[in-house]
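Asks: Take a look at this one; I'll ask things after.
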Amino acid sequence: MTSRLLTEADTAKEIRKLVAGAEARVAVAYWGATALELLGLDAAAKGTKVICNLESGCTDPATIRQLRSRLGEANVKTHAGLHAKVCLGVASAILGSSNASMRGLGGSNGWREANLLCNDPRMLSQLSAWFDQVWDEAILIREAALRKADAAWQRRRVVEGRQTDPVPLIQTALSDSSIRAQNIWIALYREYVSKEDKAAIRQAWEARRGGDGREPKLPRGWYPYTNWPRWPDDAILIDCRVKKNGSARCHGLYRTPPKSLRLSFSDENWADFATKATTITIDGFTCDLPMAERQQIEAHAAKWLGHRREMRMMRLSECLDDLEPAEPKNSSRPV
1 MTSRLLTEAD
11 TAKEIRKLVA
21 GAEARVAVAY
31 WGATALELLG
41 LDAAAKGTKV
51 ICNLESGCTD
61 PATIRQLRSR
71 LGEANVKTHA
81 GLHAKVCLGV
91 ASAILGSSNA
101 SMRGLGGSNG
111 WREANLLCND
121 PRMLSQLSAW
131 FDQVWDEAIL
141 IREAALRKAD
151 AAWQRRRVVE
161 GRQTDPVPLI
171 QTALSDSSIR
181 AQNIWIALYR
191 EYVSKEDKAA
201 IRQAWEARRG
211 GDGREPKLPR
221 GWYPYTNWPR
231 WPDDAILIDC
241 RVKKNGSARC
251 HGLYRTPPKS
261 LRLSFSDENW
271 ADFATKATTI
281 TIDGFTCDLP
291 MAERQQIEAH
301 AAKWLGHRRE
311 MRMMRLSECL
321 DDLEPAEPKN
331 SSRPV
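With UniProt numbering, letter number 15 in the sequence shown gets 15, and the count goes up by one each step, no holes.
Structure below.
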């Protein structure tokens, strides 16, 4: 019976030995991007079980997806109260302070850690009973829980100043209530603004500016939308045209001005304006609208607009039930 102190520099190597060729049991609260390779779980036996704390916002959901794919969905659970770091093998165990991350396992700018390698049969028996109890309390992980964790993980990166790429708007709205509550709309319409109306709008804009003899131009980057009865100020728009045959084309993200620029260009016609945006920043998130999410909107646009309407402005939050991906059937008890 021996026990040995492990520092952050030694721990990952010893865990790899522990999980090699045997069904290990791992209860570690927080998981970083390279955890599978660091701990050797990319080559672990299929029966290996993992418990994480997905709800904390401190675990990378992409890593948990990899674990579920590698070990099987039934072998990866989450426990919202987990803070322990325990790796249990057949003949030894490692427990201590290191999370499954580069900073906890000897990476540059990492933490000073202390872990204990133990092969005392009595201690192994106690740890085995402890793991089984926590496993019974933990719950399986659904994709909806992973999407919620995506938002929590991204928010943490924003707070820490580490967001490097935009996140998908629809996915983020589905998982984060603060995004759902934002001033985000889907603008559905049948026809583009005609050339004649565009010319009339340019003339009316120049007249409002008090014309100076130059070729009339709209402010750079602004796009006109004509005769909308409802037009939100300081909003994010998802622009989508729906043809009479039901096919649709989503043109992406636009922003409306903080204060209305509504312009009358004839006795019965008016225009509102929005400017094209590649990404938008909402509540700390930088979001885009990738092609897959545009196609989701296109698939439902005709139903949302209906047969008789020419245009409709809908809050994104009204449409999210239709945009929620279908869950795969799962007989196990999920999050």
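Don't be surprised by glycine CBs; every beta carbon is placed ideally from N, CA and C.
Give the straight-line distance between the Cα atoms of H83 and W153, rounded to the nearest whole angstrom.
Replies: About 17 Å.
Asks: Can you say whether N245 is buried or exposed, counting buried as having 16 or more other CB atoms within 10 angstroms of its CB?
Replies: That one is exposed.
Asks: At what residues does the beta strand (DSSP E) containing R241 begin and finish?
Replies: Taken as a continuous stretch (DSSP letters only), the beta strand (DSSP E) holding R241 covers I236 to V242.
Asks: Nearest by alpha-carbon distance to L18: which of T78, G32, G40 and D60 is it?
Replies: When each option's Cα is compared against that of L18, the closest is G40.
Asks: According to DSSP, is D60 helix, strand or coil?
Replies: It is coil, neither helix nor strand.
Asks: Let me make sure I understand the geometry here. Which of L289, R308 and R208 has the alpha-carbon closest to that of A277?
Replies: Of L289, R308 and R208, the residue nearest in Cα terms is L289.
Asks: If L116 and L38 are in contact, beta carbons under 8 Å, what's the gap, nearest whole angstrom?
Replies: Going by Cβ atoms, the distance from L116 to L38 rounds to 19 Å, so no, they are not a contact pair.
Asks: Using 8 Å as the threshold, is the region 94-112 in touch with the region 70-83, meaning 3 or more CB pairs across them?
Replies: The region 94-112, when compared against the region 70-83, does not touch it at the 8 Å Cβ threshold.
Asks: Within its chain, find whatever has a CB closer than 7 Å to the CB of T34; leave out the 5 residues flanking it on each side and keep chain order.
Replies: Around T34: M102.
Asks: Let me know the secondary structure DSSP gives residue 338 once reduced to three states.
Replies: Because the chain spans 1 through 335 in this model, residue 338 falls outside it and cannot be assessed.
Asks: Looking at the secondary structure, which residues open and close the alpha helix (DSSP H) in which I297 lies?
Replies: M291 to L305 is the extent of the alpha helix (DSSP H) around I297.
Asks: Ends of the beta strand (DSSP E) at L5?
Replies: Note, L5: beta strand (DSSP E), S3 to T7.
Asks: Would you kindly report the start and end of the unbroken beta strand (DSSP E) that includes I51?
Replies: Start and end: K49 to C52.
Asks: Could you tell me the distance, in whole angstroms, from the CA atom of S296 to the CA atom of L146?
Replies: In the sequence as displayed, the identity of residue 296 is Gln instead of Ser. Those two C-alpha atoms are separated by around 19 Å.
Asks: Roughly how many angstroms lie between the CA atoms of E215 and A248, to the nearest whole one?
Replies: Any answer about E215 is weak, because its pLDDT of 47 lies below 50 and its placement is not dependable; what the coordinates show is given next. Using only the alpha carbons, I get a separation of about 34 Å.
Asks: Is the beta carbon of A187 closer than 8 Å to that of M313?
Replies: The answer is yes: Cβ separation under 8 Å.
Asks: In angstroms with no decimal places, state the Cα-to-Cα distance between R68 and V134.
Replies: In a straight line, the C-alpha of R68 is about 18 Å away from that of V134.
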